Structure formats: C-alpha cells, structure tokens
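Colleague: Sending over a structure as structure tokens; questions will come in a sec.
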Amino acid sequence: MSEAIYNYHLAGSIRKEIGDLRGYAFNLTNEAWVHMYMGDFDQSQQKTNFAKNILAKLEDRQLLAWATSVKGYNLFYQQIFEESADLLVKASELWQKSGNIIAHVTCRVMQVNILCAQQENIRAKKLLLETKSDLNEGIAGFNTYSYDYMFILCHLSEENLEHHLDLAKRNIVDILEKGVMLYLPDFLELTSSLLTGKGLFDNAVQLMALSVRLRKERQIPVPPFRKTYHDSILTKLKSRLEPDKFKLNWNKGENLTPEDCLTLIYLRG
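Residue numbers (the working numbering): 1112 to 1380.
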C-alpha cells in the first residue's frame, strides 16, 4: 500500500504543477483513502481536508462526494461515530444526486457499520433491507462484498449458519477470481468465526493465521472498531484447542496461499 501512496502523491504533484486542480484534489483524496486503510488517520484527515478546501472552489459534485465519503470513513475507523454518520449521509445524498448509485450504496453500507458498532442491530437490519432494494434495481458489476459482510455480521446470532457460510464462501471465491485482495482478510476472519460455530476449529485457526499474515504483508491493519470482534474469535479458538494443537494449526495457516483457503472452507479439494 505504501507504493500506492507514492504513486498517488507523484501523480498529484504533476497535476498540481500543470494547474489541474480537479485532478490534484482527486489524487489527494485517493492518497487519503490509502492512508486510512493503513491506520494513518491523521495523514488521511489532512489530505482530505486539503482536497475539500480545493473542491470548495470547484463545482464538482462527484469529487466532493468522494472526499466527504473518505472523511466519513476515516472518522468511522477512529470510532467517532456521530460525526462520521453525518458525513456519510451527506456523501450518500451527493452520490445519489450525481447518479452514482454504486457509491451511494457503499456509503449506506458504511452507515450500517456505524449502527452495528453502536449496537443498533434492529436499525442496522432495516437500513440493510432498504439498501438491498437499491441493489435490486440492477447495478451491473457492483461488488457486494461490503454489503454481504455486513449482512452476515448483523445476523450472526440467528440460526442460519449454513446460509451465512455459503454466502461467505461465494464472496471469497469471487474475491480470489477478481484479485480484490483488500476484502479477503475480513472474509477469512468472518468465515473462521462461522467455522468455529460448526466446531471446525482446526480449519478456523488456519484461516485466522492466513488472514493475520495477509494483513501484515499487504499493510491492512484490523480497523480499531473491529478489533474486539477479531480478538474474540482468537480467544474462542484458543479456549477450544490445546496450546500445541493451536500452534500447529497456526503454523499451517501462516504457510498457506490465499487460494489454499478454498480447501479449508470445503469449496475444493
């Protein structure tokens, strides 16, 4: 991800030099997005604020929506929920007015994240249903990873384990086929939690180990708001297995390739 930051910074500098303020603001916002995923929230905030100051002088609804979205996401990852929710509502409206339904839906899903973090599960499920109607209107090629992840997370307490596991599997297959590796650690951890519910502790530990390794390699830290959930999976697995067996499975998981996870979740092999 550090390479992405370098490339965005370089492109932004060139755009600034040639007087392309719109392109410069766009690159600043993209750079802020990557900083956010790396956990560098201060840098992300600075870049986004700078971009929004530039965009205030331009009439570009989509870029303003993008910068507002990133600022909202950044605050969410810092667990500043109320301010984040306000920004995401504004961003969602801007995206909808500009005709970008995909981005509009993405902001709505992030609002579901906030409601879940605030333990407002009933409101979260209601918003998911409303968002599903937007998806059903026909968004060609829209990746539903974020939506499906939140759907499973919101319904974990319900007796639909097999359905949730099948949904998680389908997303993992799609992520691997499309190479959208940013989403893979989240789904590996979610699937590990589901396999734990089925008593498949060995496989669950290996998936967690693979996820931890991928996060380190790709510089995708566990978001602060999700750390409790992440740690709870590990705590549960450690309580179910003897230390030696846990360590053995952990070592196996650390040496897996992303594609190897398909065998562990019974899609192949």
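Even glycine gets a Cβ: it sits at the ideal position worked out from N, Cα and C.
Model, not experiment: these values are computed from the prediction.
Alpha carbon to alpha carbon, how far is D1285 from I1212?
Modeller: Within the sequence shown, the letter at position 174 stands for residue 1285. Within the sequence shown, the letter at position 101 stands for residue 1212. Approximately 21 Å between the Cα atoms of the pair.
Colleague: Would you mind working out which of V1316, G1183, I1165 sits nearest S1350, comparing C-alpha positions?
Modeller: Here residue 1350 is taken as the residue at index 239 of the sequence shown, counted from 1. Measuring from the Cα of S1350, the nearest candidate turns out to be V1316.
Colleague: DSSP three-state label for Q1229, please.
Modeller: Taking the sequence shown and counting its residues from 1, the one referred to as residue 1229 is at position 118. The answer is coil: DSSP assigns Q1229 none of H, G, I, E or B.
Colleague: What's the call for C1372, buried or exposed, on a 16-neighbour Cβ count within 10 Å?
Modeller: On the sequence shown, residue 1372 is found 261 positions in, with the first residue counted as 1. The residue in question, C1372, is buried, as its Cβ has 16 or more Cβ neighbours within 10 Å.
Colleague: Taking the straight line between their C-alpha atoms, what separation do you get for T1242 and L1267?
Modeller: Locating residue 1242 in the sequence shown gives position 131, counting from the first residue. Locating residue 1267 in the sequence shown gives position 156, counting from the first residue. T1242 and L1267: Cα-Cα distance of roughly 19 Å.
Colleague: What distance in whole Å lies between the Cβ atoms of A1176 and W1206, which are believed to be in contact at a cut-off of 8 Å?
Modeller: Position 95 of the sequence shown holds residue 1206. Position 65 of the sequence shown holds residue 1176. Contact holds; Cβ gap of about 5 Å.
Colleague: Shortest alpha-carbon distance to T1179 belongs to which of D1277, A1143, P1354?
Modeller: One-based indexing of the sequence shown puts residue 1179 at position 68. Closest by alpha carbon: A1143.
Colleague: Starting from R1337, trace the alpha helix (DSSP H) in both directions and tell me its first and last residue.
Modeller: Counting from 1 along the sequence shown, the entry for residue 1337 is found at position 226. First-last for R1337: undefined, no H or E at that position.
Colleague: If you draw a straight line from the C-alpha of W1361 to the C-alpha of S1124, how long is it?
Modeller: Reading the sequence shown from its first residue, position 250 is the one you call residue 1361. Reading the sequence shown from its first residue, position 13 is the one you call residue 1124. Answer to the nearest angstrom: the Cα atoms are 44 Å apart.
Colleague: Using only the alpha-carbon positions, how far apart do L1375 and H1120 sit?
Modeller: Here residue 1375 is taken as the residue at index 264 of the sequence shown, counted from 1. Here residue 1120 is taken as the residue at index 9 of the sequence shown, counted from 1. Cα to Cα, L1375 sits roughly 40 Å from H1120.
Colleague: Can you give me the C-alpha to C-alpha distance between A1235 and N1164, rounded to a whole angstrom?
Modeller: Position 124 of the sequence shown, counted from the start, is the residue given in the question as residue 1235. Position 53 of the sequence shown, counted from the start, is the residue given in the question as residue 1164. Approximately 33 Å between the Cα atoms of the pair.
Colleague: For G1130, count the other beta carbons within 10 Å of its own beta carbon; 16 or more makes it buried, fewer makes it exposed. Which is it?
Modeller: Along the sequence shown, read from residue 1 onward, the residue named residue 1130 stands at position 19. Exposed, since its Cβ has fewer than 16 Cβ neighbours within 10 Å.
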